[in-house]
Amino acid sequence: MTTETQEPQEKKPKLLGLIPLDWRLDLTAIKPIRRLFKSRWFPLLAIMVNLFIFVIILLSGIVGGLSSGNYSFGIMFVWILWWVLLMMLLVPGLSRTWCMVCPLPTVGEWLQRLRILGVGEGGLGMNWKWPRRLSNMWLMNILFLATTFFSGFFTVKPLATFILLGGIIVLAIILSLLFEKRSFCLYVCPVSGFQGLYANMAMTEIRVKDPEICRKHKIKTCEVGNKNGYGCPWLLKPHELNRNTYCGMCLECFKTCPFDNMAMKVRPPGTDLLVNSKRGLDEAWKGFIMLGIAVMFYVAMMGRWGFLKDWVRAETLEGWLKFAGIHAVMNLLLIPAVFFVFALLSKLASGARETSLRSVFVNLSYSLIPMGLAAWVAFSFGFLLPNGSYLLHVVSDPFAWGWDLFGTAGFPWTPVLTAWLVPLQFVSLFAGYLVSLDYGYKLACQTYIDKAAAIRGFLPLLAFLTLVVIFFGWLYGG
Amino acid sequence: MNRRRTLIVVGLVALSIVVFGALASYGWWHRYGPGPGVAVQAFPRLGVPYLPRPLEMDDRVAAAPVWAELPSLDVRMMHQVTETPWPTELIAQVRVRAFHDGRDFYCRLEWADAQANIMTAPGQFTDACALAMPLANGPPSQSIMMGFSSLVNFWHWRADLDAEVWNGAAASSPAYTDHLNPFEDKEVLAVTTPKPTTAVTDMLAARPGSLTRKDRQAVLGRGGWRDGRWCVVFKRAMRTDDSQTDVQIQPGLRAAAFAAWNGQNKDRGARKSISDWVILDIAAPPASPADSRAESRTARSAGRIPASLLGGLLAGVSTAEPERPREITIVAKRFEFNPSTITLRHGELVTLRLESLDVTHGLYLDGYDVQTKARPGVVGKVTFRADKPGRFSFRCSETCGEFHPYMIGYLSVTPNSPFHVMVLIIIATAVLVAAGMFIIRLRRKRTAA
Amino acid sequence: MNFKTILVAALVLGCTVLPVAAVFLYENYRTRDLTADIIARAPERGNFSPQKLTVPAGKEVKLRILNNDTVVHGFAIPALGIDAGEIKAGHVVFLTFTPNRPGAFDFYCTRWCSEFHLQMRGVLEVSGP
């Protein structure tokens, strides 16, 4: 329950008082980009390039590169290059562009459609509807959390990475054959959930150009498809798209729209956080889990505590169970509980009786997203700067057979710019903190009925965000 | 039609699962599948019977008839190639026999050597052999020697000392560096070469590079060369009154290992042939109850590694210098540094000593770009001035296992000004924001009024 | 079968089956004159594999030592004066030499690599002419 208080005399809302929130730049106004997006060869060709890389990754997981992860092509490409790209560039900059070029569900989709390039009726597959009850983020929350239980395997054992990626491909094939369209991507894929949530922060979006045209357009070809493209595979209504979360950027709507009314726009980061549609506890928990995993990963991987590493790598089953248990409790209960206390304080401070505690809790939780993304960016620096140089070795000798394709196999491990590591982490955290504060205030204004209540209700959130950022600062360099 | 589609879907699902399973199991086999040597080899065993026939260490001791009655074990030797210098030729086999009479422990090593090398001179080296026994009782759990499992005693017999002690031959060159392995740049353990009272030097090691001659020498040894074979007998009391540094030999299983040097091939020091562990199965004498109680008491005290002793062994000898850097020793083992957090004052000159307890480890310090590496017995050292404030991670820089990239410790150079600045800025921001909110409210109230 | 279909099929094969085939063909080509591969792993994880290798005397031997393990290993045949030095995890060393005298020569790992480091060894048998 929200009430928008748009007072006419107020100025346009701005991000950090600098960029107007409704500022947009239509990228697809550039002709080559629009032609590219409307072509059926795109993103197919990009997917194929990616498919080639993933074939090498999978192959290196089972036949070569069997040593420790730092000299394995698969591990380095997935957990250094891909993960860092995702966290630092793709999601914050380009929303769910990864989903656009992701090769993992491709085979499943090809089988489902029985077509690769063209458009047509009558694919293979049962086309079942995904159960309503699972049409949210909970399954992805649980699966992603469960995946991190095994982070001590996936990030160091090439074969474990093969099993993870191969498992995702097989699951995508199975679910694509059983359920309609991209049900797997929407509701199951572990990577999808956090991309969806953090894509709210992205600086790009896919939206209609002119809603008026869509209103007049009676047959919504973007939903049902036509000879130029499929109806939205992500089960959305592109003509009323207002949030990045569930848009996988497959670009089918660019192809199906007869009026050329779809656009990819550059925007100020994070405007989707203020869009109140499909908000719920599932997404709030996703935010908590992402924050908790950032903490746990740092402590376990970049931390100095050897016993914890023994737990994570399952030296003993008991230790691993302790790790999994503490990790799960922290993410699912402890962080939400702490946030709940501050949400309660916020409601009490605001004095707004008619605003429900649930809506305070859910709405304000979105202010954690910039902070969480910043924590992940900072964490990624901690991987990229010291260990990025391994990529040069594995790209020349992907199977540890003594190859030297590009002459860089002999390049030694060389940490770069490590003097700037902690300062860079601090700067990212601080930037995230500022954006979080800004959106926190705007969300408070959205939640509470009048501005005075919003200001009072914002103060506990201010305290919470300040504590969180100081905690991360202490963790990364205190 | 519908049924056909169902069948196709089921078939495809099954196919994808089977293909995935097959590839994954191929990968598993490829990674973990049994090679010919997957099982760790069992250590060979030698029975050490109880025989109440004490031996005098006379010139016939190596040929005493009792040896012929004992079980023997031909121990396969190998090149010592973990530390340099390496041997060029191998003493392929050492035949071992041992027994005890309840009071003393006797062991005879026998190996082929075409030429006896006894006297030493520059460029000339003596034949020798050695026996290693860990202080801990029971079979060893690992094959690494040099005291990873517990302290280890080394009984090192040398032909030149044998000639000097038993036959009154002239003393060999005092400059003979033998087992002393300068394990670190400018850091060599103290060495004394007193007049030998026995042909066997009894030494102690806590880990590689820590070999130390004991003050009290109580192991007797006597050898003889005949027909191209050396026979050397060791003798020591089963129990001594120093269970902290002397191995206490008692009935049951115990590990021992052997080494042999051929002076002809210029063997000395690390240039030797060595064996892996051999398990001695020491028979119990028909003992009175009181005896066995005493034994178990010694066993318990022998099992503990005296910490003070370890510290003493590992602290090198360093001379006082006017501007000495603060020295901090970091012990690395998979996947942890100990201490894992180090606090320095800004501007301090510091030397980090890196010791490894298992495999080759390295240390790379973020921000300072300094790096060193260490392996068991070889200490890595790096000296730098802590002139950058803040917290820096130090990481293992030599792949040491799967969790190698996560082997990390923290070094804080106080005051941690980057962190303090960050916290200050954040608190200032928070206060400013809160204050700004109140100003907005006040203004709004005023305009409303 | 129009042109587009053929092109798409070629592209799909080109990014899946073709690279796999190319990888193995290239590897076969590179190892065409190799006498043997020796995989180096700590004893409890597989030891040297194979542990016994027979080569004829007087003929050039080309070995490839693959460290498929997670720690640093070494490789040396001291009796033949051969030392490959340190081989880091995931790295590979090629050795070319000609054993002239027949006999059995031990090869060893030369780095503390595990609690069972001393057991990491094998035999190169040089058979007589």
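Heads up: the sequence lines are chains A, B and C, in that order.
Numbering follows this note's numbering, with no gaps: position 56 of the first sequence is 60.
Numbering follows this note's numbering, with no gaps: position 286 of the second sequence is 953.
Numbering follows this note's numbering, with no gaps: position 98 of the third sequence is 680.
The C-beta atom is built at its ideal place from N, Cα and C for all residues, glycine as well.
In this chain, residue 249(A) is not harboured by any beta strand (DSSP E), its DSSP state being neither H nor E. For residue 656(C), the enclosing beta strand (DSSP E) covers residues 655-659.
Residue range 425-451 is occupied by the alpha helix (DSSP H) that includes residue 451(A). Between the segment 254-261 of chain A and the segment 232-246 of chain A there are three or more inter-stretch CB-CB distances shorter than 8 angstroms, so the stretches are counted as touching. Fully enclosed beta strand (DSSP E) runs of no fewer than 3 residues occupy 712-715 and 740-743 of the segment 706-754 of chain B, in order along the chain. In the three-state reduction of the DSSP assignment, residue 952(B) falls in the coil class. Under the three-state reduction of DSSP, residue 809(B) is assigned to coil, being neither helix nor strand. Of all residues in the segment 290-304 of chain A, none has a C-beta nearer than 9 angstroms to a C-beta of chain C.
For the set 585(C), 628(C), 642(C) and 689(C), the Cα lying nearest the Cα of residue 657(C) is the one of 689(C). Here residue 780(B) is not near residue 826(B), since their CB atoms are 7 angstroms or more apart.
For residue 430(A), at least one C-beta of chain B is nearer than 7 angstroms to its own C-beta.
The residues 1052, 1053 and 1054, in chain order, have a CB closer than 8 angstroms to that of residue 1014(B) in the same chain once the five nearest residues on each side in sequence are set aside.
Within 7 angstroms of the CB of residue 1043(B), the CB atoms of chain C belong to 694, in sequence order along the chain. DSSP, read as helix, strand or coil, puts residue 796(B) in strand. At a C-beta separation below 9 angstroms, residue 609(C) has no neighbours in chain B, since its nearest C-beta there lies roughly 14 angstroms away.
For a Cβ distance threshold of 8 angstroms, nothing in chain C lies close to residue 176(A): the least Cβ distance comes to about 15 angstroms. If you draw a straight line from the Cα of residue 1115(B) to the Cα of residue 470(A), it comes to about 32 angstroms.
Listed as beta-bridge partners of residue 1038(B) by DSSP are 1031(B). For residue 465(A), the uninterrupted alpha helix (DSSP H) run begins and ends at 455-481, by DSSP. Taken through DSSP and simplified to helix, strand or coil, residue 827(B) comes out as helix. Annotation: residue 885(B) to residue 1064(B) spans about 44 angstroms, alpha carbon to alpha carbon.
Taking C-beta atoms as the reference points, residue 943(B) and residue 810(B) count as a pair closer than 7 angstroms. For the pair residue 993(B) and residue 376(A), the Cα-to-Cα distance works out to about 40 angstroms.
Interface with chain B (7 angstroms Cβ-Cβ cutoff): residue 595(C) is excluded.
Pairing residue 260(A) with residue 226(A) gives a Cβ-Cβ distance under 7 angstroms. With the criterion set as a beta carbon lying under 7 angstroms from some beta carbon of chain A, the members of the segment 642-669 of chain C are 646, 648, 649, 650, 651 and 652, in sequence order.
Under the 10 Å beta carbon count, residue 692(B) is surrounded by fewer than 16 other beta carbons and is classified as exposed. Taking 7 angstroms as the Cβ-Cβ cut-off, the segment 346-362 of chain A has no residue approaching chain B.
For residue 1067(B), the chain C residues whose Cβ falls inside 9 angstroms of its Cβ are 652, 653, 654 and 671, in order along the chain. Annotated three-state conformation of residue 1091(B) is helix, per DSSP.
Here residue 772(B) has 903, 905 and 916 as same chain residues with Cβ atoms under 6 angstroms from its own Cβ, once five neighbours each way along the sequence are excluded.
By a beta-carbon distance limit of 8 angstroms, residue 452(A) contacts residue 359(A). Their separation comes to about 6 angstroms. Contact note: residue 268(A) does not reach chain B at a C-beta cutoff of 7 angstroms; the least C-beta distance is about 34 angstroms. Residue 923(B) sits away from residue 899(B), with the two beta carbons spaced by 7 angstroms or more. Taking the Cα positions, residue 617(C) is about 34 angstroms away from residue 926(B). The segment 383-393 of chain A makes no contact with the segment 331-350 of chain A; the number of CB pairs closer than 8 angstroms stays below 3.
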